[in-house]
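Residue numbers (the working numbering): 853 to 1202.
For glycine and all other residues, C-beta sits at the position ideal for the given N, C-alpha and C.
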(Lines of atoms letter the chains of each structure in order from A and count residues from 1; the text may use other names and numbers.)
(Lines give C-alpha, C1' and ligand atoms only; values in the text may rest on other atoms or scores of the structure.)
Protein backbone atom coordinates (compact mmCIF):
# COMPACT_ATOMS: atom_id res chain seq x y z
CA UNK A 1 0.00 0.00 0.00
CA UNK A 2 1.39 3.40 -0.99
CA UNK A 3 2.09 5.97 1.69
CA UNK A 4 0.91 9.59 1.60
CA UNK A 5 3.31 12.52 1.53
CA UNK A 6 2.66 13.22 5.21
CA UNK A 7 3.29 9.57 6.16
CA UNK A 8 6.42 9.52 4.03
CA UNK A 9 7.77 12.58 5.85
CA UNK A 10 7.40 10.75 9.17
CA UNK A 11 9.08 7.61 7.81
CA UNK A 12 12.01 9.71 6.60
CA UNK A 13 12.24 11.46 9.96
CA UNK A 14 12.24 8.17 11.89
CA UNK A 15 14.74 6.44 9.61
CA UNK A 16 16.96 9.51 9.48
CA UNK A 17 17.80 9.36 13.19
CA UNK A 18 18.86 5.70 13.09
CA UNK A 19 22.61 5.11 13.16
CA UNK A 20 24.26 1.72 12.94
CA UNK A 21 27.09 0.81 15.28
CA UNK A 22 28.86 -0.52 12.20
CA UNK A 23 28.23 -0.53 8.43
CA UNK A 24 25.21 -2.81 8.74
CA UNK A 25 22.18 -0.76 7.64
CA UNK A 26 20.93 -1.80 4.19
CA UNK A 27 19.00 0.49 1.83
CA UNK A 28 17.51 -1.10 -1.29
CA UNK A 29 15.56 0.81 -3.96
CA UNK A 30 13.64 -0.93 -6.74
CA UNK A 31 12.40 1.54 -9.38
CA UNK A 32 8.97 1.49 -10.96
CA UNK A 33 8.73 -1.10 -13.72
CA UNK A 34 11.81 -3.05 -12.59
CA UNK A 35 11.88 -6.85 -12.62
CA UNK A 36 11.47 -8.15 -9.06
CA UNK A 37 13.26 -11.44 -9.78
CA UNK A 38 16.33 -9.55 -11.00
CA UNK A 39 16.23 -7.39 -7.87
CA UNK A 40 16.12 -10.47 -5.62
CA UNK A 41 19.01 -12.02 -7.57
CA UNK A 42 21.03 -8.84 -6.99
CA UNK A 43 20.35 -9.09 -3.26
CA UNK A 44 21.51 -12.70 -3.21
CA UNK A 45 24.73 -11.66 -4.94
CA UNK A 46 25.22 -8.88 -2.37
CA UNK A 47 24.58 -11.41 0.37
CA UNK A 48 27.29 -13.68 -1.04
CA UNK A 49 29.70 -10.73 -1.19
CA UNK A 50 28.93 -9.81 2.41
CA UNK A 51 30.23 -13.21 3.51
CA UNK A 52 33.72 -11.70 3.05
CA UNK A 53 33.16 -9.21 5.89
CA UNK A 54 35.83 -9.87 8.52
CA UNK A 55 33.78 -9.11 11.62
CA UNK A 56 31.58 -12.08 12.45
CA UNK A 57 28.97 -9.88 14.16
CA UNK A 58 28.75 -7.36 11.31
CA UNK A 59 28.68 -10.18 8.75
CA UNK A 60 25.79 -11.81 10.59
CA UNK A 61 23.83 -8.56 10.82
CA UNK A 62 24.32 -7.62 7.15
CA UNK A 63 23.38 -11.06 5.82
CA UNK A 64 20.44 -11.10 8.23
CA UNK A 65 19.23 -7.71 6.99
CA UNK A 66 19.48 -8.80 3.35
CA UNK A 67 17.70 -12.05 4.16
CA UNK A 68 14.89 -10.07 5.78
CA UNK A 69 14.52 -7.88 2.67
CA UNK A 70 14.44 -10.92 0.37
CA UNK A 71 11.77 -12.53 2.54
CA UNK A 72 9.69 -9.34 2.40
CA UNK A 73 9.98 -8.99 -1.39
CA UNK A 74 8.76 -12.55 -1.90
CA UNK A 75 5.42 -11.43 -0.47
CA UNK A 76 4.85 -9.47 -3.69
CA UNK A 77 4.68 -12.67 -5.77
CA UNK A 78 7.16 -11.62 -8.47
CA UNK A 79 5.35 -8.34 -9.12
CA UNK A 80 7.05 -5.03 -8.31
CA UNK A 81 4.59 -2.49 -6.84
CA UNK A 82 3.37 -0.01 -9.52
CA UNK A 83 5.52 2.87 -8.21
CA UNK A 84 8.46 0.73 -7.11
CA UNK A 85 9.53 0.11 -3.53
CA UNK A 86 12.23 1.17 -1.08
CA UNK A 87 13.19 -1.28 1.65
CA UNK A 88 15.39 -0.57 4.66
CA UNK A 89 16.72 -3.15 7.07
CA UNK A 90 19.47 -3.48 9.64
CA UNK A 91 20.54 -3.94 13.22
CA UNK A 92 19.15 -1.07 15.30
CA UNK A 93 20.27 -2.37 18.69
CA UNK A 94 22.17 0.19 20.74
CA UNK A 95 24.04 -2.55 22.58
CA UNK A 96 27.22 -3.88 21.03
CA UNK A 97 27.00 -7.60 20.32
CA UNK A 98 23.19 -7.63 20.52
CA UNK A 99 21.25 -8.07 17.27
CA UNK A 100 17.87 -6.44 16.65
CA UNK A 101 17.25 -6.47 12.89
CA UNK A 102 14.24 -4.42 11.83
CA UNK A 103 12.69 -3.76 8.41
CA UNK A 104 10.79 -0.85 6.85
CA UNK A 105 9.20 -0.92 3.40
CA UNK A 106 7.93 2.13 1.55
CA UNK A 107 5.71 2.18 -1.54
CA UNK A 108 5.63 5.86 -2.60
CA UNK A 109 2.69 7.65 -4.20
CA UNK A 110 4.77 8.57 -7.25
CA UNK A 111 7.14 6.42 -9.33
CA UNK A 112 10.62 5.72 -7.99
CA UNK A 113 13.37 6.35 -10.55
CA UNK A 114 16.28 5.25 -8.40
CA UNK A 115 17.93 1.82 -8.45
CA UNK A 116 20.22 1.44 -5.46
CA UNK A 117 21.81 -1.00 -3.03
CA UNK A 118 23.74 0.53 -0.14
CA UNK A 119 25.16 -0.80 3.10
CA UNK A 120 26.41 1.74 5.62
CA UNK A 121 25.97 3.26 9.06
CA UNK A 122 22.87 5.16 8.00
CA UNK A 123 20.00 4.64 5.58
CA UNK A 124 20.07 6.41 2.20
CA UNK A 125 16.94 8.57 2.10
CA UNK A 126 17.70 11.16 -0.60
CA UNK A 127 15.35 9.70 -3.27
CA UNK A 128 12.45 9.74 -0.79
CA UNK A 129 13.35 13.21 0.50
CA UNK A 130 13.12 14.52 -3.06
CA UNK A 131 9.52 13.26 -3.20
CA UNK A 132 8.35 15.19 -0.14
CA UNK A 133 9.92 18.48 -1.14
CA UNK A 134 7.52 21.22 -2.12
CA UNK A 135 7.14 20.89 -5.86
CA UNK A 136 6.02 24.24 -7.06
CA UNK A 137 4.80 24.17 -10.65
CA UNK A 138 5.52 26.99 -13.10
CA UNK A 139 4.79 27.34 -16.79
CA UNK A 140 7.65 28.34 -19.10
CA UNK A 141 7.38 29.80 -22.61
CA UNK A 142 10.43 30.61 -24.75
CA UNK A 143 9.89 32.13 -28.18
CA UNK A 144 11.07 34.31 -31.02
CA UNK A 145 9.74 34.74 -34.57
CA UNK A 146 11.15 31.36 -35.66
CA UNK A 147 10.06 28.95 -32.93
CA UNK A 148 8.46 28.51 -29.53
CA UNK A 149 8.93 25.98 -26.75
CA UNK A 150 6.38 25.44 -24.00
CA UNK A 151 7.49 23.68 -20.81
CA UNK A 152 6.70 23.25 -17.16
CA UNK A 153 8.92 23.36 -14.09
CA UNK A 154 8.05 20.79 -11.40
CA UNK A 155 10.38 21.05 -8.44
CA UNK A 156 13.81 20.76 -10.05
CA UNK A 157 12.64 19.01 -13.22
CA UNK A 158 11.73 20.74 -16.47
CA UNK A 159 9.38 18.89 -18.83
CA UNK A 160 8.91 20.03 -22.43
CA UNK A 161 5.21 20.07 -23.31
CA UNK A 162 5.27 21.37 -26.89
CA UNK A 163 7.63 22.76 -29.53
CA UNK A 164 6.39 24.82 -32.47
CA UNK A 165 8.17 26.08 -35.58
CA UNK A 166 6.85 29.17 -37.34
CA UNK A 167 6.67 30.11 -41.02
CA UNK A 168 7.24 33.80 -40.34
CA UNK A 169 9.55 35.08 -43.14
CA UNK A 170 12.49 37.35 -42.54
CA UNK A 171 12.38 41.08 -43.21
CA UNK A 172 12.82 42.25 -46.83
CA UNK A 173 15.34 44.88 -47.88
CA UNK A 174 13.25 46.02 -50.83
CA UNK A 175 11.68 49.47 -50.63
CA UNK A 176 8.46 51.05 -51.85
CA UNK A 177 4.94 49.67 -51.94
CA UNK A 178 6.03 46.03 -52.09
CA UNK A 179 7.99 46.39 -48.85
CA UNK A 180 4.97 47.82 -46.98
CA UNK A 181 2.72 45.07 -48.34
CA UNK A 182 5.30 42.42 -47.42
CA UNK A 183 5.56 43.85 -43.89
CA UNK A 184 1.77 43.65 -43.43
CA UNK A 185 1.73 40.04 -44.59
CA UNK A 186 4.64 39.23 -42.32
CA UNK A 187 2.93 40.87 -39.31
CA UNK A 188 -0.22 38.86 -40.04
CA UNK A 189 1.70 35.58 -40.12
CA UNK A 190 3.55 36.51 -36.91
CA UNK A 191 0.26 37.40 -35.19
CA UNK A 192 -1.21 34.03 -36.19
CA UNK A 193 1.88 32.26 -34.86
CA UNK A 194 1.74 34.07 -31.51
CA UNK A 195 -1.98 33.32 -31.24
CA UNK A 196 -1.28 29.64 -31.88
CA UNK A 197 1.42 29.62 -29.18
CA UNK A 198 -0.97 31.32 -26.76
CA UNK A 199 -3.81 28.89 -27.48
CA UNK A 200 -1.63 25.80 -27.05
CA UNK A 201 0.11 27.13 -23.92
CA UNK A 202 -3.25 28.07 -22.37
CA UNK A 203 -4.68 24.62 -23.07
CA UNK A 204 -1.59 22.93 -21.57
CA UNK A 205 -1.42 25.12 -18.46
CA UNK A 206 -5.17 25.07 -17.73
CA UNK A 207 -4.93 21.34 -16.97
CA UNK A 208 -2.32 21.97 -14.25
CA UNK A 209 -4.19 22.73 -11.03
CA UNK A 210 -0.96 23.39 -9.09
CA UNK A 211 0.28 26.05 -11.55
CA UNK A 212 1.62 28.99 -9.52
CA UNK A 213 2.87 31.23 -12.30
CA UNK A 214 4.12 31.62 -15.86
CA UNK A 215 7.45 33.02 -17.07
CA UNK A 216 8.08 34.16 -20.64
CA UNK A 217 11.54 34.30 -22.21
CA UNK A 218 13.30 34.77 -25.52
CA UNK A 219 16.29 36.44 -27.20
CA UNK A 220 14.45 39.26 -28.98
CA UNK A 221 11.47 41.65 -28.81
CA UNK A 222 8.87 39.01 -29.76
CA UNK A 223 8.52 37.90 -26.13
CA UNK A 224 7.35 41.39 -25.12
CA UNK A 225 4.96 41.46 -28.06
CA UNK A 226 3.55 38.11 -26.93
CA UNK A 227 3.19 39.32 -23.34
CA UNK A 228 1.64 42.69 -24.19
CA UNK A 229 -0.68 41.21 -26.83
CA UNK A 230 -2.60 39.10 -24.29
CA UNK A 231 -2.37 35.98 -26.43
CA UNK A 232 -2.85 33.74 -23.39
CA UNK A 233 -6.20 32.95 -21.80
CA UNK A 234 -6.98 35.60 -19.15
CA UNK A 235 -6.72 33.03 -16.31
CA UNK A 236 -3.17 32.18 -17.44
CA UNK A 237 -2.24 35.75 -18.43
CA UNK A 238 -2.93 36.85 -14.85
CA UNK A 239 -0.35 34.36 -13.60
CA UNK A 240 2.56 35.79 -15.59
CA UNK A 241 5.37 36.58 -13.15
CA UNK A 242 7.67 38.31 -15.60
CA UNK A 243 9.57 38.36 -18.90
CA UNK A 244 13.29 37.49 -19.11
CA UNK A 245 15.97 37.69 -21.80
CA UNK A 246 17.62 34.50 -23.06
CA UNK A 247 20.52 33.93 -25.43
CA UNK A 248 18.61 31.50 -27.63
CA UNK A 249 15.36 29.56 -27.97
CA UNK A 250 14.48 25.87 -27.93
CA UNK A 251 14.50 23.26 -25.20
CA UNK A 252 17.85 24.32 -23.72
CA UNK A 253 16.59 27.88 -23.32
CA UNK A 254 14.05 26.67 -20.74
CA UNK A 255 16.95 26.06 -18.35
CA UNK A 256 18.23 29.57 -19.00
CA UNK A 257 14.77 30.98 -18.24
CA UNK A 258 14.80 29.10 -14.93
CA UNK A 259 18.27 30.41 -14.01
CA UNK A 260 17.17 33.99 -14.65
CA UNK A 261 13.83 33.62 -12.86
CA UNK A 262 14.91 32.53 -9.38
CA UNK A 263 14.13 35.94 -7.87
CA UNK A 264 10.74 36.08 -9.61
CA UNK A 265 9.79 32.66 -8.26
CA UNK A 266 11.02 33.38 -4.73
CA UNK A 267 9.19 36.69 -4.68
CA UNK A 268 5.96 35.05 -5.90
CA UNK A 269 6.11 32.40 -3.15
CA UNK A 270 6.75 35.00 -0.45
CA UNK A 271 3.93 37.22 -1.71
CA UNK A 272 1.48 34.30 -1.75
CA UNK A 273 2.37 33.31 1.82
CA UNK A 274 2.17 36.92 3.02
CA UNK A 275 -1.26 37.42 1.43
CA UNK A 276 -2.62 34.30 3.13
CA UNK A 277 -1.35 35.44 6.52
CA UNK A 278 -2.66 38.98 5.99
CA UNK A 279 -6.10 37.62 5.15
CA UNK A 280 -6.03 35.37 8.22
CA UNK A 281 -5.06 38.14 10.64
CA UNK A 282 -7.62 40.51 9.10
CA UNK A 283 -10.36 37.95 9.80
CA UNK A 284 -9.09 37.43 13.35
CA UNK A 285 -9.24 41.17 14.00
CA UNK A 286 -12.88 41.49 12.91
CA UNK A 287 -15.58 41.24 15.66
CA UNK A 288 -17.35 38.50 13.69
CA UNK A 289 -14.42 37.45 11.56
CA UNK A 290 -14.04 34.08 9.90
CA UNK A 291 -10.58 33.35 11.33
CA UNK A 292 -10.23 30.69 14.04
CA UNK A 293 -7.29 28.94 15.70
CA UNK A 294 -6.64 26.05 18.04
CA UNK A 295 -6.81 22.32 17.37
CA UNK A 296 -10.36 21.71 18.64
CA UNK A 297 -12.00 24.67 16.89
CA UNK A 298 -10.23 24.01 13.59
CA UNK A 299 -11.01 20.27 13.69
CA UNK A 300 -14.68 21.05 14.37
CA UNK A 301 -14.83 23.52 11.47
CA UNK A 302 -13.24 21.00 9.10
CA UNK A 303 -15.73 18.34 10.21
CA UNK A 304 -18.62 20.75 9.55
CA UNK A 305 -17.27 21.56 6.10
CA UNK A 306 -17.01 25.27 6.87
CA UNK A 307 -13.30 25.73 6.13
CA UNK A 308 -11.86 27.55 3.12
CA UNK A 309 -8.14 27.55 3.96
CA UNK A 310 -6.16 25.74 6.68
CA UNK A 311 -2.75 27.12 7.66
CA UNK A 312 -0.69 24.34 9.22
CA UNK A 313 2.59 24.82 11.07
CA UNK A 314 5.51 22.66 9.93
CA UNK A 315 5.95 21.59 13.57
CA UNK A 316 2.38 20.19 13.78
CA UNK A 317 2.73 16.62 15.11
CA UNK A 318 -0.67 15.60 16.50
CA UNK A 319 -2.22 12.22 15.70
CA UNK A 320 -5.72 10.78 16.05
CA UNK A 321 -5.15 7.58 18.07
CA UNK A 322 -7.51 4.82 19.23
CA UNK A 323 -6.70 3.24 22.61
CA UNK A 324 -8.00 0.09 24.26
CA UNK A 325 -7.15 -0.54 27.92
CA UNK A 326 -6.91 -3.98 29.56
CA UNK A 327 -9.93 -2.97 31.66
CA UNK A 328 -11.99 -2.91 28.46
CA UNK A 329 -12.25 0.85 28.15
CA UNK A 330 -11.89 2.22 24.60
CA UNK A 331 -11.04 5.83 23.80
CA UNK A 332 -10.08 7.96 20.83
CA UNK A 333 -7.77 10.90 21.47
CA UNK A 334 -5.81 13.49 19.53
CA UNK A 335 -2.35 13.57 21.08
CA UNK A 336 1.16 14.69 20.28
CA UNK A 337 3.21 12.01 18.58
CA UNK A 338 5.78 11.94 21.38
CA UNK A 339 3.01 11.38 23.97
CA UNK A 340 1.30 8.48 22.18
CA UNK A 341 2.79 5.80 24.44
CA UNK A 342 2.25 7.69 27.70
CA UNK A 343 -1.53 7.98 27.92
CA UNK A 344 -3.57 7.22 31.05
CA UNK A 345 -6.89 5.37 30.94
CA UNK A 346 -9.68 7.69 32.07
CA UNK A 347 -11.54 4.78 33.66
CA UNK A 348 -8.98 2.77 35.65
CA UNK A 349 -6.13 5.33 35.56
CA UNK A 350 -3.70 2.66 34.35
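For residue i, the three-state DSSP class (helix, strand or coil)
i            : result
residue 1011 : strand
residue 1159 : coil
residue 1149 : helix
residue 906  : coil
residue 1202 : coil
residue 1051 : helix
residue 1144 : coil
residue 1083 : coil
residue 964  : coil
residue 913  : helix
residue 975  : coil
residue 1030 : helix
residue 1132 : helix
residue 969  : strand
Residue interval of the beta strand (DSSP E) (run including residue i)
i            : result
residue 899  : It is not in any beta strand (DSSP E) - residue 899 instead sits in the alpha helix (DSSP H) that spans 888-902.
residue 1182 : 1182-1188
residue 1172 : 1170-1176
residue 999  : 999-1006
residue 881  : 877-882
residue 990  : 989-995
residue 1097 : 1092-1097
residue 1164 : Per DSSP, residue 1164 belongs to no beta strand (DSSP E) and is neither H nor E.
residue 940  : 937-943
residue 1066 : 1063-1070
Backbone CA spacing between residue i and residue j [nearest angstrom]
i            : j            : result
residue 1032 : residue 1092 : 34 Å
residue 900  : residue 933  : 26 Å
residue 954  : residue 961  : 23 Å
residue 1129 : residue 1160 : 14 Å
residue 1000 : residue 1015 : 6 Å
residue 1180 : residue 1201 : 12 Å
residue 1018 : residue 1043 : 11 Å
residue 1168 : residue 939  : 27 Å
residue 1030 : residue 1076 : 27 Å
residue 907  : residue 898  : 16 Å
residue 1141 : residue 1133 : 9 Å
residue 1172 : residue 1125 : 28 Å
residue 935  : residue 1057 : 25 Å
residue 969  : residue 985  : 23 Å
residue 931  : residue 925  : 9 Å
residue 982  : residue 863  : 13 Å
residue 1085 : residue 872  : 56 Å
residue 974  : residue 870  : 7 Å
residue 1041 : residue 1020 : 6 Å
residue 1145 : residue 1003 : 40 Å
Cβ-based burial, residue i [other Cβ within 10 Å; buried from 16]
i            : result
residue 917  : buried
residue 902  : buried
residue 893  : exposed
residue 1045 : buried
residue 1078 : buried
residue 1136 : exposed
residue 1162 : exposed
residue 996  : buried
residue 921  : buried
residue 1035 : exposed
Expected contact under 8 Å - CB spacing of residue i and residue j to nearest Å
i            : j            : result
residue 1088 : residue 1054 : 5 Å
residue 951  : residue 1006 : With 8 Å as the limit, residue 951 and residue 1006 do not qualify as a contact, their Cβ atoms being about 43 Å apart.
residue 976  : residue 958  : About 12 Å; that fails the 8 Å criterion.
residue 928  : residue 888  : 6 Å
residue 1170 : residue 1188 : 6 Å
residue 942  : residue 1013 : No, residue 942 and residue 1013 are not in contact; Cβ-Cβ is about 43 Å, not under 8 Å.
residue 1068 : residue 1095 : 5 Å
residue 1071 : residue 1098 : 6 Å
The alpha helix (DSSP H) enclosing residue i, as first and last residue numbers
i            : result
residue 868  : 857-868
residue 1110 : 1103-1111
residue 980  : 978-984
residue 954  : First-last for residue 954: 953-958, but that is the beta strand (DSSP E), not the alpha helix (DSSP H).
residue 1088 : 1086-1089
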